[in-house]
């Protein structure tokens, strides 16, 4: 593995600076890092971390409490373009895998030490293979498994809130998404 370090961000100013960078990037979810929205989220994070190599920030994400002893790890994960993996071709351009090698393991160990069950999620049913591949590559001792259903991770009226979930236990206190039956 690369010579990288996960560090906790304790000051909102640094968090805001990172959100500004992410919101102006070509990241597919750049709008998720809108500074005003992210300022409102700051107090919802149990911790927020960054992955660095020297002075370079490679990736960042937080842990959010979903209640009932459940946390989402790698929440609002941002990774600089040159470190993102291209799952469409499954090619590994850069051997550094920030979420897989650093963020998810660090967050999970932090949360489990405090008695939490963990999950991370990926939008869209069509991205299910990506979360399956990612979960298989995580260290086995973290205990993740992809759950068979889609789950509501926020307002189910928003289709982006219906997500694939990988969790450290089978029964998590998230609502399973049941597709609406067409009424005739």
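In the working numbering, the protein residues as written are 3 to 186.
The beta carbon of each residue, even a glycine, is placed where N, CA and C say it ideally should be.
As the structure is a computational prediction, the values presented were derived from the model and not from experiment.
If you draw a 10 Å sphere on the C-beta of residue 156, you find fewer than 16 other C-beta atoms in it, and that means exposed. Annotation: residue 21 to residue 179 spans about 30 Å, alpha carbon to alpha carbon. Residue 156 sits in coil when the DSSP states are folded into three classes, being neither helix nor strand.
Scanning 173, 38, 119 for the CA closest to the CA of residue 72 turns up 119.
Fewer than three beta-carbon pairs drawn from the segment 103-110 and the segment 124-134 are found closer than 8 Å, and the two stretches are therefore not classed as touching.
Taking the CA atoms as reference points, residue 76 sits about 12 Å from residue 113.
Taking 7 Å as the cut-off, the beta carbon of residue 109 is found no closer than this to the beta carbon of residue 174.
Assignment of residue 163 by DSSP, reduced to helix, strand and coil, places it in the helix class. Residue 166 and residue 129 do touch by the CB rule: their CB atoms are close to 6 Å apart, below 8 Å.
Between residue 146 and residue 170, the CB-CB gap stays under 7 Å. Here the alpha carbons of residue 99 and residue 172 stand approximately 26 Å from one another. In summary, residue 52 is buried, with 16 or more beta-carbon neighbours lying within 10 Å of its beta-carbon over all protein chains present. Non-local beta-carbon contacts of residue 26 in its own chain, meaning distances under 8 Å to residues more than five positions away in sequence, involve 32 in chain order. With contacts defined by Cβ atoms closer than 7 Å, residue 80 and residue 62 form a contacting pair. Sixteen is the threshold: when 16 or more other Cβ atoms of the shown chains lie within 10 Å of the Cβ of residue 137, as they do, the residue is buried.
Collapsing the DSSP output to three states places residue 142 in a helix. About 15 Å separates the Cβ atoms of residue 60 and residue 10, ruling out a contact at the 8 Å cut-off. Under the three-state reduction of DSSP output, residue 53 falls in the strand class.
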